[in-house]
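Reading through the structure tokens given below for one structure.
Numbering (UniProt numbering), first residue to last: 1 to 655.
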């Protein structure tokens, strides 16, 4: 009885020591509070056994907590401790603005963890109730209002701390929030000025777009919403006539592509690229939104967005390769790959439960399995073939956007860098041939080899490369490998930025070439292929030698990189002998290795430039500069394996 009468004094002691610096004191105080609630509830039940008096003690304690100011940290912890013992509906009747106050507190860094703890406790208590609809009706309006505020930090805190727990406890809240977002109009009191009203409505629409993205990311992380369900919700809303006063969900996503905040665009890209299952194919709407977003964001000035985009697109490429491999297996075998035993047991339980519900509802077993994505064999094969074709078409679109949409003459630094990164991702995951090159991101092993061949990422046809021009490239249907190699060499020659030149060099180094000794082709075809490769490489070598003789540092560096690439790919790997304009070998022997002849050609040019400098130093500095040739020679020396048998055979000549 003394405990009941002195409850306010005891609560004051507990509040004072709740946040004690010592963890041991905090643990004891919280244990005392739990014991205080247990003893008080038991005494209240013993003194007042009727229903109206049974919870009087907890109600009094709750009143003491609710009158505290929201700025006190202890209030959130005490309410979280009281949640399992009280009625949530009664709590919301006593404090109607409870959720709004917690959402306001989430925006403050020092108080966010306390508010998140209380919200998690409220959701855990709501999940234990049988009736879900009343709790959904309580949570949806304040959540939507908080998501649509003009406060990006508050929205991100909600996405991190509230939405995952909300959808785990109340799964139906996801669809309710999405529908409420389309009809949300914000504050009723708009400013009288037309310009101010337009700005406020534009800001509200931008906030709703970001809110839609964060809600979809949280819902898709728990497999609550798919893009097909989103399209179905839009069609149902239009059929019911509810779309006249609100925005459609897919339309809102389309407008989010042009959102002024680059962090929101990064969230949008993550939403489109990521999935819980790598084998989940993309919907046609996702493809459209994805390429629309890539097209309008190719020239992004935000370095943070470009970094996040690279990570998201790497995930997307892995997902597309996995989807294509999975679809090819289904199309070939007629059934899906056999999963692990654990997955088989889980899927069997899901199917049995779905069939039981369907039989109870009067539906057939086939309809129930179709709802789970289990199709008859002929339909599964047709769907897999369509999925494989769509992935192949998407990779072609992506390649076209990277080459023709970013790597054109006069493009800015950001756009060229973006296109080169996209090519790196595509070559890593969908390129043919060997990608073994040092210092290139494309050299990393692809997670899976796609079952289709992308012509634009394969070995180039040098006959076509010699005969075609850049003007004819946009008229072709798809991007060919010859166009990509030509564009990359132009980036290596013309781009003034070292980073872009280094990226183009890494891609050219990783690019596959057709072996000269192709066992499947006749000898005449091999001879013609060798001739075309040699002609093209010799032409590029002459251009590179003109560049290394430039007095400009950028041009001489570009020429040196081209010479290094020609030496590595065509001389060392392909075994071609490239011609220098003044080439007088000082080595003896009838059969000179191509790499030795190439190095001797560079040394002959250096001797010629040195002789010119000895005659007239000023004229040599203007017409025969040495820095480009010396840089090219250094690069070539770095590519030579001096321990190889071919080099050791001509050791005296190399010295």
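Glycine included, each C-beta is placed from N, C-alpha and C at the ideal position.
8 Å Cβ cutoff met for residue i and residue j
i, j, result
"residue 396", "residue 323", "no"
"residue 552", "residue 635", "no"
"residue 278", "residue 318", "yes"
"residue 567", "residue 601", "no"
"residue 79", "residue 65", "yes"
"residue 159", "residue 256", "no"
"residue 504", "residue 573", "no"
"residue 545", "residue 578", "no"
"residue 282", "residue 254", "no"
"residue 126", "residue 169", "yes"
"residue 407", "residue 487", "yes"
"residue 139", "residue 99", "yes"
"residue 262", "residue 300", "yes"
"residue 401", "residue 294", "yes"
"residue 58", "residue 33", "no"
"residue 554", "residue 496", "yes"
Burial state of residue i, where buried means 16 or more other Cβ atoms lie within 10 Å
i, result
"residue 539", "exposed"
"residue 569", "buried"
"residue 25", "exposed"
"residue 425", "buried"
"residue 42", "exposed"
"residue 12", "exposed"
"residue 442", "Low per-residue confidence applies at residue 442: pLDDT is 40, beneath 50, and the placement is therefore not dependable, though the value from the model is reported in the following sentence. Label assigned to residue 442: buried."
"residue 267", "buried"
"residue 412", "exposed"
"residue 76", "buried"
"residue 618", "exposed"
"residue 244", "With a pLDDT of only 49 at residue 244, under the threshold of 50, the placement of this residue in the model should not be trusted; the figure read from the coordinates follows. Counting Cβ neighbours within 10 Å, residue 244 comes out exposed, since fewer than 16 surround it."
"residue 595", "buried"
"residue 429", "buried"
"residue 67", "exposed"
"residue 378", "exposed"
"residue 672", "The chain is shown only over 1 to 655; residue 672 falls outside these bounds and no answer can be derived."
"residue 276", "exposed"
"residue 434", "Unreliable placement is indicated for residue 434, whose pLDDT of 39 sits below 50; the coordinate value is still reported in the next sentence. With fewer than 16 Cβ atoms within 10 Å of its Cβ, residue 434 is classed as exposed."
"residue 509", "buried"
"residue 109", "exposed"
Boundaries (first-last residue) of the alpha helix (DSSP H) holding residue i
i, result
"residue 262", "262-273"
"residue 422", "413-430"
"residue 217", "194-221"
"residue 498", "498-510"
"residue 622", "617-623"
"residue 141", "133-147"
"residue 102", "98-106"
"residue 486", "481-494"
"residue 562", "553-566"
"residue 635", "627-639"
"residue 678", "Beyond the ends of the chain as shown, which are 1 and 655, falls residue 678; an answer cannot be given."
"residue 452", "Residue 452 -> no alpha helix (DSSP H), and no H or E assigned at all."
Where residue i sits in the DSSP three-state scheme
i, result
"residue 226", "coil"
"residue 83", "helix"
"residue 11", "helix"
"residue 18", "coil"
"residue 183", "helix"
"residue 279", "coil"
"residue 385", "helix"
"residue 111", "helix"
"residue 152", "helix"
"residue 258", "coil"
"residue 76", "helix"
"residue 36", "helix"
"residue 515", "coil"
"residue 408", "coil"
Nearest-angstrom Cβ-Cβ length linking residue i and residue j, presumed shorter than 8 Å
i, j, result
"residue 606", "residue 558", "Wrong, their Cβ atoms sit about 19 Å apart, outside the cutoff."
"residue 265", "residue 235", "Not really, about 27 Å apart at Cβ, beyond 8 Å."
"residue 165", "residue 123", "5 Å"
"residue 107", "residue 154", "4 Å"
"residue 208", "residue 184", "6 Å"
"residue 328", "residue 388", "6 Å"
"residue 456", "residue 484", "6 Å"
"residue 181", "residue 224", "About 15 Å separates the two Cβ atoms, so there is no contact after all."
"residue 101", "residue 70", "5 Å"
"residue 309", "residue 269", "6 Å"
Proximity test, residue i beta-carbon vs the ligand ADP heavy atom, cut-off 7 Å
i, result
"residue 257", "The ligand ADP is absent from the structure shown, which contains no ligands of any kind."
C-beta neighbour in chain C for residue i, strict 8 Å
i, result
"residue 108", "Protein chains in the displayed structure number just one, and chain C is not present."
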